[in-house]
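Q: Below is the structure I would like to discuss, written out as structure tokens.
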Amino acid sequence: MFFSAVLTLLVAACSLQVRCFPRCQEGDLTDVAEGRCPISLTSSPLIREDRGYSEKITVQVWKNTKDFHQLEIHRGHTPPKLIRKCKQKTKMEFSINCCSHPRISSLHKLELKFEADATRNVSVSFISKSLNCSVSYLVPDPWPNFTLSVNKSSKIISVDVDSGEVVKVRLCYEKHGHCHGGNPQAINRSAVLSIPYLLPCVCVEVYYNYIDAARHKKCPFENQSLIDTKDILQSSTVQVFTSYLSWSSVCPAQALDVSAALCWMIHNLTCIPLPNSTLEREYGPTLRFKTSTVDKHPQICVQFYIQNNHNISCLSLEDKPSWETHVTAGIQSVRVHIISTVPARFSAQLCVLTESGCLPRGPLHIATMPTDQRIVVPIQDITEKPCIQVWQSDPALIGRRILCPDFTRKRWGVCAGGVLVFAVTGTLLGFLLHRALKSGMAGLLTIQRPLLMVCSSSQSAHISAACALASILQEELGASVDTTLWAQSSKTKAWNGASVADLGPLPWLYGQWENILEEEGKILIVWSSEAKRMYQRLRTKMDNSLRPEKIRTLMPDYLKPNGWKLGKNKKNKYLEDKGVESLEYDDSEKEPSAVIEPVFVGALAALEGALQEGKCKDVTIVFFQGLCRSKDIPQAFRGVPHYCLPQEFSGFIQEMTEMRGRTNSRESRWRCWPRLLSKVLSVWLARQLTQRLQTVLPDKRTESVSSTKTSGQSDCK
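Structure (structure tokens):
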């Protein structure tokens with residue numbers, strides 16, 4: 006009974022005054038020094054992917070029940086937690102445990118556990134009668150530590166992370182304190198990031214792989230000057246509005262010295278800078294450039310400059326320009342055609358394209374719309390590829406249009422036309438040449454007047470060459486050739502039906518001579534080395550009866566139908582004897598021909614008479630290479646045209662084929678091309694006929710000429 010009563014009293018006392026707590030474990034015991042703050046605060050990390058980083062805070066406080074007042078716990082923005090009594094609580098957010106000192110009954114240990122999120126400031130304050138103190142703790146927000154290495158040439162950043170945990174890394178652009186863009190990638194230790202643009206705001210962020218993890222950021226180009234500003238321009242964007250352009254960059258534009266000017270785009274390749282076209286700049290949230298007074302045209306673009314680099318952006322306008330222009334090339338000038346929907350004044354000026362722009366040349370040319378619709382700009386020299394710059398000068402618009410006429414295409418057109426004309430002309434000449442050669446040179450290369458050929462030697466080589474020449478003139482050039490070699494027989498009739506045998510050598514010669522002159526023909530005297538000796542003897546031994554004027558007085562009698570027969574008429578016999586007597590050779594081995602020598606003597610007398618009267622243009626002297634020399638022609642006859650055959654065959658053929666009647670100037674102009682063709686044909690024909698003529702000539706000039714004499718009859722036909 007007694008023990009039960011005591012136990013009941015003890016329980017009642019505990020319930021009224023002192024609560025009974027479990028005794029603190031030996032490891033929880035600590036010395037409580039008077040005057041020292043009894044608060045102990047520890048923490049341990051607590052990571053959950055759906056919540057992020059937090060820590061579990063443990064607070065232990067020894068309190069004396071005699072003077073303890075309260076304990077205040079502050080956790081960031083949440084209301085403070087006040088604890089005055091030690092009450093056992095076990096909850097997820099906040100738990101309280103109490104235990105008593107095993108030796109000092111008035112000392113109790115209060116242990117509190119709760120969670121605090123990252124960056125939260127935890128404060129615990131102890132308030133008692135004898136002591137007031139507090140302990141604070143800032144919950145950290147950890148990030149991984151890493152290092153960077155940059156390769157500017159290859160635009161690569163290498164990332165090395167110290168932590169062995171899985172982290173995320175990304176490339177971003179810092180703007181207004183925040184990093185934008187870039188897709189993160191999960192890594193363990195290292196990563197290699199490719200940089201599209203080397204910009205001062207390029208940064209690398211590394212953070213843990215949970216929600217709201219702290220970002221560790223490093224910007225490798227933040228305090229460095231960029232080598233090239235092209236990346237800034239290429240990474241920028243331009244928006245076109247009605248009265249301005251908005252320019253924005255990945256990095257803040259306020260720190261960049263950006264300017265803008267107009268240029269003219271040519272063939273989507275080159276943009277030519279325009280003079281006096283810098284745009285007014287306005288700063289704001291974005292960089293703006295005023296375009297309200299710019300000439301709106303699809304080829305007018307804007308060049309944005311930073312230091313020495315620029316980027317081009319063209320104005321993609323849907324509205325049609327207020328005026329149009331185009332140019333056409335003229336003769337030493339360019340015509341500028343202008344069409345405007347509003348009254349305005351326009352200016353045009355010649356310029357030359359260079360890398361720095363279109364340099365002006367010459368004066369300004371002005372036109373007012375709608376009165377004038379065309380401007381003519383003269384051009385002195387087109388070697389520098391001139392262009393025309395046209396602009397609206399009143400009301401003034403910024404920007405000029407550069408128009409370049411394609412003179413090269415025009416030149417190529419002229420060249421193509423010239424080549425075509427040359428090809429057609431060559432084809433026509435070839436066709437005519439083929440027809441002419443096929444028809445035996447009929448047409449252009451035809452001798453239309455009669456020819457009289459007089460030989461000067463009776464040697465076989467000379468006669469063979471003369472016969473070959475006569476055949477060529479007759480067969481190839483269609484000439485009508487008379488010669489004593491073909492007219493000695495009475496069967497071969499001459500101009501009046503009489504042969505040499507019917508008339509005699511001299512009457513026949515002078516009759517033929519007069520007939521050739523009347524028909525505007527040509528007398529060919531075939532010279533030889535013997536002709537020189539005969540001429541010299543003729544000059545010394547010829548008497549007055551053989552003078553040209555006396556021989557001509559006797560010609561009418563010789564030309565009668567029943568005239569002189571060879572060797573029968575006394576008068577003519579006397580003349581023949583005189584001629585033969587005057588031509589006797591010193592060399593007794595050679596006998597003169599009864600026909601060739603007298604005819605040649607008469608030709609010499611007639612030629613002298615023609616020289617005295619100034620009528621030697623109808624006579625031509627020819628001689629054959631290897632049978633005669635140019636010095637064998639007497640000095641008195643050097644004024645007569647003479648040709649060495651076959652060396653000068655081309656010139657000889659041209660003279661023979663040009664024997665036409667006199668024509669007026671209009672006909673001469675129309676015959677220019679045929680004459681040119683005839684010269685070409687004569688050169689070609691001379692080469693062909695030279696081979697034919699050389700077959701009857703000696704191979705060398707020094708060869709001796711055969712002394713075989715010919716009879717009065719000839720077989721040259």
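Start counting the sequence shown at 6; every next residue gets the next number (this note's numbering). We put the beta carbon where it would ideally sit given N, CA and C, even for glycine. Just so it is clear, the structure is predicted and the values come from calculations on it, not from any experiment.
#1: Once you ignore the five residues that flank D592 on each side, which residues in its own chain have a CB closer than 7 Å to its CB?
#2: Quick one: residues in its chain with C-beta nearer than 6 Å to the C-beta of Y310, no 5 flanking neighbours on either side, listed in chain order?
#3: Are at least three pairs of beta-carbons, each pair with one atom in the region 524–540 and one in the region 606–625, less than 8 Å apart?
#4: Put H106 into one of helix, strand or coil per three-state DSSP.
#5: Less than 8 Å between the CB atoms is what I'm expecting for A121 and R80, so what's the real figure, rounded?
#6: Using 8 Å for Cβ pairs, my map puts S135 next to D72. What's the rounded Cβ distance?
#7: Do D236 and L204 come within 8 Å of each other at the CB atom, strictly closer than that value?
#8: Would you verify that the beta carbon of F657 is, or is not, closer than 8 Å to some beta carbon of chain C?
#9: If you follow the alpha helix (DSSP H) that S264 is part of, which residue opens it and which one closes it?
#10: Leaving out five residues on either side along the sequence, give the residues of the same chain with a beta carbon under 8 Å from the beta carbon of L14.
#11: Pick from V531, G169, Y215 and K390: whose alpha carbon is nearest that of M647?
#12: Using the Cβ count rule (16 or more neighbours within 10 Å means buried), how would you classify L702?
#13: Do you know whose CA, among E660, I380, T662 and P651, lies nearest A691's CA?
#14: How many angstroms separate the CA atom of Y249 from the CA atom of T242?
#15: Measure the Cβ-Cβ separation of I200 and K160 and say whether it is below 8 Å.
#16: Tell whether a beta-carbon distance below 8 Å holds between I317 and Q304.
#17: Which word fits V382, buried or exposed, when buried means at least 16 other C-beta atoms lie within 10 angstroms of its C-beta?
#18: Where does Q535 sit, in a helix, a strand or coil, going by DSSP?
#19: Could you have a look at V172 and say whether DSSP puts it in helix, strand or coil?
#20: Could you give the residue range of the alpha helix (DSSP H) that holds H5?
#21: Report buried or exposed for H342, applying the criterion of at least 16 other Cβ atoms within 10 angstroms of its Cβ.
#22: Between the alpha carbons of L153 and N193, how many angstroms are there, rounded?
#23: On the three-state DSSP scale, how would you describe I530?
#24: Between the C-alpha atoms of P278 and V207, what's the straight-line distance to the nearest angstrom?
#25: First and last residue of the alpha helix (DSSP H) that includes W518?
#26: What are the boundary residues of the alpha helix (DSSP H) that H467 is part of?
#27: Taking the straight line between their C-alpha atoms, what separation do you get for N214 and P225?
#28: Sort out for me which residues DSSP pairs N193 with in a bridge.
#29: Measure the alpha-carbon distance for T695 versus P639 and round it to whole angstroms.
#30: Which whole-angstrom value is the C-beta distance of Q5 and S635, which I expect to be below 8 Å?
#31: Do E77 and P85 have their beta-carbon atoms positioned less than 8 Å apart in this structure?
#32: Can you find the residues in the same chain that come closer than 6 Å, C-beta to C-beta, to G367, ignoring five residues on each side of it along the sequence?
#33: Going straight from the alpha carbon of M458 to that of F654, what length do you get?
#34: Within the same chain, show all residues whose beta-carbon is closer than 6 Å to that of H331, passing over the 5 residues directly before and after it, in chain order.
#35: Just to confirm the assignment: which complete beta strand (DSSP E) runs, minimum length 3, are found wholly within the region 39–79?
#36: Since T333 is in the beta strand (DSSP E), which residue starts that stretch and which ends it?
A: Short version:
#1: Walking along the sequence shown from the start, residue 592 turns up at place 587. For D592, the pLDDT reaches just 38, beneath the cut-off of 50, and the residue's location in the model is therefore unreliable, leaving the point undetermined.
#2: Taking the first residue of the sequence shown as 1, we reach residue 310 at position 305. Contacts found: S264.
#3: yes
#4: Sequence index remark: in the sequence shown, residue 106 carries index 101 (1-based). Reduced to three states, the DSSP call for H106 is coil.
#5: Stepping through the sequence shown from its first residue, residue 121 is reached at position 116. Stepping through the sequence shown from its first residue, residue 80 is reached at position 75. Correct: roughly 6 Å between the Cβ atoms.
#6: Position 130 of the sequence shown, counted from the first residue, corresponds to residue 135. Position 67 of the sequence shown, counted from the first residue, corresponds to residue 72. With a Cβ gap of about 5 Å, S135 and D72 count as contacting.
#7: For the purposes of this step, residue 204 is identified with residue 199 of the sequence shown, where counting begins at 1. For the purposes of this step, residue 236 is identified with residue 231 of the sequence shown, where counting begins at 1. Yes. Within cutoff.
#8: Here there is only one protein chain, and chain C is not present.
#9: Sequence index remark: in the sequence shown, residue 264 carries index 259 (1-based). Segment V263 to I271 is the beta strand (DSSP E) holding S264; no alpha helix (DSSP H) there.
#10: For the purposes of this step, residue 14 is taken as residue 9 along the sequence shown, with counting starting at 1. Confidence in L14 is poor, its pLDDT being 46 and thus under 50, which makes the residue's placement unreliable; the coordinate value appears in the next sentence. Answer for L14: no residue qualifies.
#11: The residue you call residue 647 lines up with position 642 of the sequence shown. Residue identity differs from the one stated: residue 647 is His in this sequence, not Met. Nearest option by C-alpha distance: V531.
#12: As a first step, residue 702 must be located in the sequence shown, where it is residue number 697. Per the 10 Å Cβ criterion, buried.
#13: As a first step, residue 691 is located in the sequence shown; it is residue number 686 there, counting from the start. Among E660, I380, T662 and P651, the Cα nearest to that of A691 belongs to P651.
#14: Position 244 of the sequence shown, counted from the first residue, corresponds to residue 249. Position 237 of the sequence shown, counted from the first residue, corresponds to residue 242. Roughly 14 Å separates the two Cα atoms.
#15: On the sequence shown, position 195 is the one that residue 200 refers to. On the sequence shown, position 155 is the one that residue 160 refers to. A contact, by the Cβ cut-off of 8 Å.
#16: Position 312 of the sequence shown, counting from 1, holds the residue named residue 317. Position 299 of the sequence shown, counting from 1, holds the residue named residue 304. Contact: no.
#17: Within the sequence shown, the letter at position 377 stands for residue 382. Result: buried.
#18: The count along the sequence shown starts at 1 and reaches residue 535 at position 530. According to the sequence as given, residue 535 is Glu; it is not Gln. Three-state DSSP puts E535 in a helix.
#19: Translated into the one-based positions of the sequence shown, residue 172 becomes position 167. Strand, per DSSP.
#20: The structure shown does not extend to residue 5, since the chain is modelled only from 6 to 722, so the question has no answer here.
#21: Translated into positions along the sequence shown, residue 342 becomes position 337. With fewer than 16 other Cβ atoms within 10 Å, it is exposed.
#22: Residue 153 sits at position 148 when you count from the first residue of the sequence shown. Residue 193 sits at position 188 when you count from the first residue of the sequence shown. C-alpha separation (whole angstroms): 15 Å.
#23: Taking the sequence shown and counting its residues from 1, the one referred to as residue 530 is at position 525. Correct three-state label for I530: strand.
#24: Residue mapping note: residue 278 aligns to position 273 of the sequence shown, counting from 1. Residue mapping note: residue 207 aligns to position 202 of the sequence shown, counting from 1. Looking at the two C-alpha atoms, the distance is approximately 32 Å.
#25: In the sequence shown, residue 518 corresponds to position 513, counting from 1. It spans P510 to E523 - the alpha helix (DSSP H) in which W518 sits, taken as one unbroken run.
#26: Here residue 467 refers to the residue found at position 462 of the sequence shown. Element bounds for H467: S465 to E480.
#27: Numbered from 1 along the sequence shown, position 209 holds the residue referred to as residue 214. Numbered from 1 along the sequence shown, position 220 holds the residue referred to as residue 225. About 23 Å.
#28: Within the sequence shown, the letter at position 188 stands for residue 193. Paired residues: none, contrary to the question.
#29: As a position in the sequence shown, residue 695 is number 690, starting the count at 1. As a position in the sequence shown, residue 639 is number 634, starting the count at 1. Going by the C-alpha atoms only, they are around 26 Å apart.
#30: Any question about residue 5 goes unanswered here, given that the chain covers just 6 to 722.
#31: What you label residue 85 is simply residue 80 of the sequence shown in a count that begins at 1. What you label residue 77 is simply residue 72 of the sequence shown in a count that begins at 1. Closer than 8 Å, so yes.
#32: Working through the sequence shown from its first residue, we reach residue 367 at position 362. Only L355 meet the Cβ criterion.
#33: Translated into positions along the sequence shown, residue 458 becomes position 453. Translated into positions along the sequence shown, residue 654 becomes position 649. Cα-Cα distance, rounded: 16 Å.
#34: Mapped onto the sequence shown, residue 331 falls at position 326. Closer than 6 Å at the Cβ level, and outside the excluded window around H331, lie H342.
#35: 44–53 and 57–69
#36: By one-based count along the sequence shown, residue 333 stands at place 328. Counting along the chain, the beta strand (DSSP E) containing T333 begins and ends at W328 to G335.
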